[in-house]
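Presented below is the structure to which this report refers.
2 protein chains.
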Amino acid sequence: MTTPNVALAVSTVIFAARNTGPDGRKELWLPLVRRIRDPFRGLWALPGGPLKPDEDLEDSAARSLHLTTGLQPGYLEQLYAFGGLTRSANADERVVSIVYWASLCADQASELHPDLNVAWLRVDELPPLAFDHSGIVDYALYRLRNKITYSRVAHSFLGETFTLAELRDVHEAILGTPLDPANFRRQVLASGAVLDTGTRLEGTRHRPPRLYRYNTDLDLADRDPAGRTTQEQT
Amino acid sequence: MTTPNVALAVSTVIFAARNTGPDGRKELWLPLVRRIRDPFRGLWALPGGPLKPDEDLEDSAARSLHLTTGLQPGYLEQLYAFGGLTRSANADERVVSIVYWASLCADQASELHPDLNVAWLRVDELPPLAFDHSGIVDYALYRLRNKITYSRVAHSFLGETFTLAELRDVHEAILGTPLDPANFRRQVLASGAVLDTGTRLEGTRHRPPRLYRYNTDLDLADRDPAGRTTQEQT
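Protein chains in written order, with full-length UniProt numbering: chain A, 1 to 234; chain B, 1 to 234.
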């Protein structure tokens with residue numbers, strides 16, 4: 001059952017929505033690792049590495065996320081196994097990569113990592129990445145954009161409570177398009193996906209906006225093969 | 001980058017809807033392979049095997065499908081990579097299985113395979129399978145049942161043309177529940193997913209039913225990472 005010429009790696013596409021846009025609006029960022037050796041030396045690549053024999057796939061993805069960002073994922077899901085014959089630049093080696101995608105809460109993601117070979121890059125302005133990683137990021141974005149329309153995944157980019165404006169801001173950052181505030185508000189409230197916490201955003205405003213939390217009684221989420229619903233994972 | 005203690009396998013969950021139910025209605029079947037050695041000797045398992053170093057993942061899945069059934073898939077999609085630490089019965093070996101799921105046209109699936117260690121079993125009556133394969137089949141069914149509501153996947157269980165009754169029959173076999181014929185007809189026609197071929201089912205009936213084909217102009221399908229839409233694949 002051994003396949004001596006095929007190496008197995010786990011990589012993770014990590015998204016966070018940070019308040020870096022005009023008027024503090026959210027933009028989508030991801031952390032990447034600069035390659036310090038050939039092939040693709042100097043180019044940015046997805047964090048990851050060989051699967052350890054004694055490590056679960058998801059644990060491996062969470063570990064590389066933690067090593068890269070110092071953080072725990074808000075959401076972590078298997079994306080796809082990439083195994084094309086020509087995806088390694090080295091003809092002697094074939095690498096099959098099982099790729100996860102993850103989201104982080106924006107407040108955490110603003111912390112900088114001490115390693116100079118790790119950087120947060122804006123999704124809209126990515127340079128060509130090492131290996132087939134540009135295509136993998138595109139596919140992760142496609143999955144994220146699909147998923148946000150029917151699941152609670154937007155929640156994982158925010159803290160425990162949030163205003164409807166913050167939730168809309170995450171949707172806009174992911175979809176890359178402005179949404180009508182009144183329509184968004186009506187649809188979200190009608191879906192039953194969020195609950196009014198009864199509290200309001202603290203601050204100096206005359207009418208501070210209400211804070212909501214996700215309705216965890218409502219199973220909007222996908223099921224993964226272990227039967228868990230894919231929401232908060234540690 | 002090598003992971004010497006981890007073997008990589010590709011397995012395939014293959015579904016076909018055959019006219020074996022009451023009044024010739026369709027039921028969901030899948031081909032399985034009887035294990036002739038330990039562990040799990042005598043139990044049924046998913047077709048598959050080690051990934052060949054020079055073989056694409058999807059090609060490997062299609063090959064095991066062809067070896068098992070003598071057929072080509074109507075639809076083939078990556079399901080999930082299963083890599084838990086305890087999924088092999090042998091403590092010295094860890095197997096990560098990249099699992100695909102596939103559908104076959106029912107007419108082809110009625111052909112029997114000459115190998116006595118391959119058999120078609122009814123999904124509703126599966127015995128416990130080897131390894132974690134029972135859970136994998138459950139997850140493939142979950143994916144199939146979700147997918148049939150928003151994609152053209154039902155098409156792949158039928159021939160090029162079909163009646164609306166046949167299409168409903170496939171949906172009922174997959175969902176495991178009867179559907180109201182008038183509602184189903186109205187929803188399918190309103191969706192634009194099928195086109196009237198202008199011909200009718202040949203036979204002796206006074207008013208033979210119309211034959212439809214899928215509207216391939218309409219992209220109801222998922223995209224896979226290579227940017228193909230997942231419909232007819234050869």
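Where a beta carbon is used, it is the ideal one built from N, C-alpha and C, also for glycine.
CB contact flag (residue 215 of chain B, residue 193 of chain B, <8 angstroms): yes
- request: Can you check the UniProt domain "Nudix hydrolase" (5–145) of chain A for any beta strand (DSSP E) of at least 3 residues that lies completely inside it and give the ranges in chain order?
  value: 6–18, 27–34, 48–50, 75–82, 94–104, 118–122
field: Residue burial classification, residue 53 of chain A (beta-carbon count within 10 angstroms, cutoff 16)
entry: exposed
message: Taking the alpha helix (DSSP H) that residue 188 of chain B belongs to, which residues open and close that run?
response: 181–191
task: Check whether the Cβ atoms of residue 51 of chain A and residue 8 of chain A sit closer than 8 angstroms, and answer yes or no.
output: yes
- request: Identify which residue in B:138, B:121, B:63, B:46 has its Cα closest to the Cα of residue 97 of chain B.
  value: B:46
- prompt: If you compare alpha carbons, which of A:180, A:28, A:90 is closest to residue 5 of chain A?
  reply: A:90
- prompt: Hey, does residue 82 of chain A have any beta-carbon neighbour from chain B nearer than 8 angstroms?
  reply: yes
field: N- and C-terminal bounds of the alpha helix (DSSP H) containing residue 168 of chain A
entry: 164–175
field: 8 angstroms Cβ shell around residue 212 of chain A - same chain, five flanking residues per side excluded
entry: 161, 162, 163, 164, 167, 194, 195, 196, 197
- prompt: Considering only residues of the same chain and omitting the five flanking positions on each side of residue 39 of chain B, which have a CB-CB separation below 6 angstroms?
  reply: 89
message: Are the CB atoms of residue 170 of chain B and residue 157 of chain B within a distance shorter than 8 angstroms?
response: yes
- request: Count the other CB atoms, across all protein chains shown, that sit within 10 Å of the CB of residue 3 of chain B; report buried if there are 16 or more and exposed otherwise.
  value: With a pLDDT of 40 at residue 3 of chain B, under the threshold of 50, the predicted position of this residue should be treated as unreliable, and no value is reported.
- prompt: Buried or exposed: residue 174 of chain B, going by 16 or more other Cβ atoms within 10 Å of its Cβ?
  reply: buried
task: Sort B:121, B:24, B:142, B:155 by Cα distance to residue 69 of chain B and report the nearest one.
output: B:121
message: For a contact defined as C-beta to C-beta under 7 angstroms, what are the partners of residue 78 of chain A on chain B?
response: 80, 81
query: In terms of DSSP beta bridges, what is residue 210 of chain A paired with?
result: A:200
- prompt: Interface residues of chain B around residue 98 of chain A at Cβ under 9 angstroms?
  reply: 81, 83, 96, 98
query: Are residue 159 of chain A and residue 107 of chain A touching if we call contact CB-CB under 8 angstroms?
result: yes
Through-space distance from residue 133 of chain A to residue 44 of chain A, alpha-carbon basis: 9 angstroms
message: Under 8 angstroms, Cβ to Cβ, is there at least one residue of chain A near residue 33 of chain B?
response: no
query: If you drop the 5 nearest sequence neighbours on each side, which residues of the same chain put their C-beta closer than 6 angstroms to that of residue 103 of chain B?
result: 15, 74, 75, 156, 157
message: So if DSSP puts residue 194 of chain A in a beta bridge, which residue, or which two residues, is it bridged to?
response: A:214
- prompt: Mind listing which residues of the segment 32–54 of chain B have their C-beta closer than 9 angstroms to chain A's C-betas, in chain order?
  reply: 49, 50, 51, 52, 53, 54
field: Residues near residue 1 of chain A by beta carbon distance below 6 angstroms, same chain, minus five either side
entry: Here residue 1 of chain A scores only 42 on pLDDT, less than 50, and its place in the model should not be relied on; the value that follows carries that caveat. Excluding sequence neighbours, residue 1 of chain A sits near nothing in its chain.
- prompt: Does the beta carbon of residue 74 of chain A come closer than 8 angstroms to any beta carbon on chain B?
  reply: no
Close Cβ partners of residue 143 of chain B (< 7 angstroms) along its chain, the five nearest in sequence each way excluded: 79, 101
query: Can you name, in chain order, every residue of its own chain whose Cβ lies under 6 angstroms from the Cβ of residue 32 of chain A, other than the five neighbours on each side?
result: 44, 121
message: Given this structure, state the Cα-to-Cα distance separating residue 203 of chain A from residue 63 of chain A, to the nearest angstrom.
response: 37 angstroms
query: With distances taken between CB atoms, is the gap from residue 137 of chain A to residue 10 of chain A smaller than 8 angstroms?
result: no
task: Indicate the three-state DSSP secondary structure (helix, strand or coil) for residue 151 of chain B in the structure shown.
output: coil
message: Please tell me whether residue 57 of chain B has its Cβ less than 8 angstroms away from any Cβ of chain A.
response: yes
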